[in-house]
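Enquirer: Quick one: the structure is below, questions incoming.
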Amino acid sequence: MFKDLLIPMLAGEIPEAAVNTACAIARQHGAHVDALVGVSVITPNALAWAYDPAGVRETLRETADAAVAALAASAQARLAREGVNHGVRRCGSIWLTTAEFAAACARSCDLVVLARGQLDDMGRRLFAALMSGSGRPVLLVPDGAAEPGRFERVLVAWKPSPQASRALHDALPLLRQAQRVEVIEVGEADQEPLSRDAEQALHAHLSRHGIEAQIIRRDGSHLNPAVPIMQHAALSTTDLIVAGGYSHSRAREQILGGVTRTLLEQSACPVLFSH
1 MFKDLLIPML AGEIPEAAVN TACAIARQHG AHVDALVGVS VITPNALAWA
51 YDPAGVRETL RETADAAVAA LAASAQARLA REGVNHGVRR CGSIWLTTAE
101 FAAACARSCD LVVLARGQLD DMGRRLFAAL MSGSGRPVLL VPDGAAEPGR
151 FERVLVAWKP SPQASRALHD ALPLLRQAQR VEVIEVGEAD QEPLSRDAEQ
201 ALHAHLSRHG IEAQIIRRDG SHLNPAVPIM QHAALSTTDL IVAGGYSHSR
251 AREQILGGVT RTLLEQSACP VLFSH
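Residue numbers (UniProt numbering): 1 to 275.
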């Protein structure tokens, strides 16, 4: 079960979709929710400190501290209204970016929850840092979710990769609670299809965890595999997609597009990513 959830709040505002979903999951699992607050601070190069105007560093630090204190108070008040066990953590390093600090903090939680509305340029860097540097799953929630945290119908996007396997296993607490679990494999031009033996092994593995999953195959050799995944999710009224993040290099995803980028930008339902 999930016992520690983290909501990064690093852009000066409270992401309501992430708060609503994280707190709903916390109530289901008896979990603790932490808000991580912080701001980016432009710090002069240490080698040039002797040439800075007097008080520049102090002014930057004081301004940042005031902004963080205000956001921490708002986050504390917002989480208190949800009636879950909660806390507020502050980004306290001038040597790490807020994204790097968030990735470090996430290593001691079970699940990070982000809202799609947070994915501006800084938010995308945050997501990439969490994927590559935290070792923890990230749940991305679209704004305005009808029933936050209620994942009765789950679709696992499967391929024979470490990322997909990690995502599947990170999602086990949610899969066990789901009423329906589907595993979809979309054929790719450079990938061998799941063999019958491998399919049976995957089905048996999930059964031992108390999960009866239906395995579905779709031909996607001429498409971005995210397209048939999202199409099936829409037709089957899926509440949650589970997917490996950045199975290809992040640079390739940014330039050519890929499953992670497409799901990140377009999925109508929440997506749990793991790398």
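Glycine included, C-beta positions come from ideal geometry on N, C-alpha and C.
Since the structure is predicted, the reported quantities are computational estimates derived from the model, not experimental observations.
1) Out of curiosity, what's the CA-to-CA distance linking F101 and C91?
2) Thinking C-alpha only, which one of L202, I25, T262 is nearest G210?
3) So is E265 buried or exposed if we call it buried at 16+ other beta carbons inside 10 Å?
4) What does the Cβ neighbour count give for R136, buried or exposed, with the cut at 16 atoms within 10 Å?
5) Answer yes or no: do V33 and A26 have a C-beta to C-beta separation smaller than 9 Å?
6) Below 9 Å between beta carbons: does that hold for V181 and V141?
7) State yes or no: is the C-beta of L272 within less than 9 Å of the C-beta of L174?
8) Under 9 Å between the Cβ atoms of V19 and L79?
9) Hey, A128 and A99: beta-carbon distance below 9 Å or not?
10) Smallest Cα separation from I216: which of S236, E185, A77?
11) Give the DSSP-derived three-state secondary structure of F101 in the structure shown.
12) Along the chain, where does the alpha helix (DSSP H) that runs through L264 open and close?
13) By the three-class DSSP mapping on this structure, what secondary structure does R125 have?
14) Is it right to say E253 is buried, meaning 16 or more other beta carbons lie within 10 angstroms of its own, or is it exposed?
15) Considering only DSSP beta bridges, list what G187 is partnered with.
16) Among all the DSSP beta bridges, which residues are the ones paired with A213?
17) In whole angstroms, what is the alpha-carbon distance linking L223 and R150?
18) Once DSSP output is grouped into helix, strand and coil, what is the label at H275?
19) In terms of DSSP beta bridges, what is G38 paired with?
20) With burial defined as no fewer than 16 other Cβ atoms inside 10 Å of the residue's Cβ, what is the status of H205: buried or exposed?
21) Give every residue of the same chain whose Cβ lies closer than 8 Å to the Cβ of A17, excluding the five residues on either side of it in the sequence, and list them in chain order.
22) Report the rounded CA-to-CA distance for Q214 versus R61, giving the unit in angstroms.
23) DSSP puts M9 in a beta bridge; with which residues?
24) Compare the beta carbon distance of L6 and V84 with 9 Å and say whether it is the shorter of the two.
25) From R107, L10, D239, pick the residue whose C-alpha is nearest to that of A75; which is it?
26) Looking only at C-alpha atoms, which of P228, S274, R81, R89 sits nearest to V68?
Expert: Considering the structure as presented:
1) Those two C-alpha atoms are separated by around 7 Å.
2) Ranking L202, I25, T262 by Cα distance to G210 puts L202 first.
3) The residue is exposed, with fewer than 16 neighbouring Cβ atoms inside 10 Å.
4) Buried.
5) Yes, they are a contact pair.
6) Taking 9 Å as the Cβ cut-off, V181 and V141 do not qualify as a contacting pair.
7) For L272 and L174, yes; Cβs fall inside 9 Å.
8) In this structure, V19 lies near L79, with their beta-carbon atoms less than 9 Å apart.
9) A contact, by the Cβ cut-off of 9 Å.
10) Sorting S236, E185, A77 by C-alpha distance to the C-alpha of I216 places E185 at the top.
11) Residue state, collapsed to three classes: helix.
12) Unbroken alpha helix (DSSP H) run through L264: 259 to 266.
13) If DSSP states are grouped into helix, strand and coil, R125 belongs with the helices.
14) Its pLDDT being 47, under 50, E253 is placed unreliably by the model, and the measurement read from it follows with that caveat. Here E253 is buried: its Cβ has 16 or more other Cβ atoms, across all protein chains shown, within 10 Å.
15) BP columns for G187 point to D219.
16) Note: A213 sits in a beta bridge opposite V181.
17) Taking the straight line from one Cα to the other gives about 30 Å.
18) H275 falls in the coil class under three-state DSSP.
19) In DSSP, G38 forms no bridge with anything.
20) Exposed, by the Cβ-count rule.
21) A115, R116, G117, V141, P142, D143, G144, A145, P148, listed in sequence order.
22) Straight-line Cα distance between these residues: approximately 54 Å.
23) Answer is V37.
24) Against a cut-off of 9 Å, the Cβ pair of V84 and L6 comes out as no contact.
25) Of the listed residues, the one whose Cα sits closest to A75 is L10.
26) When each option's Cα is compared against that of V68, the closest is R89.
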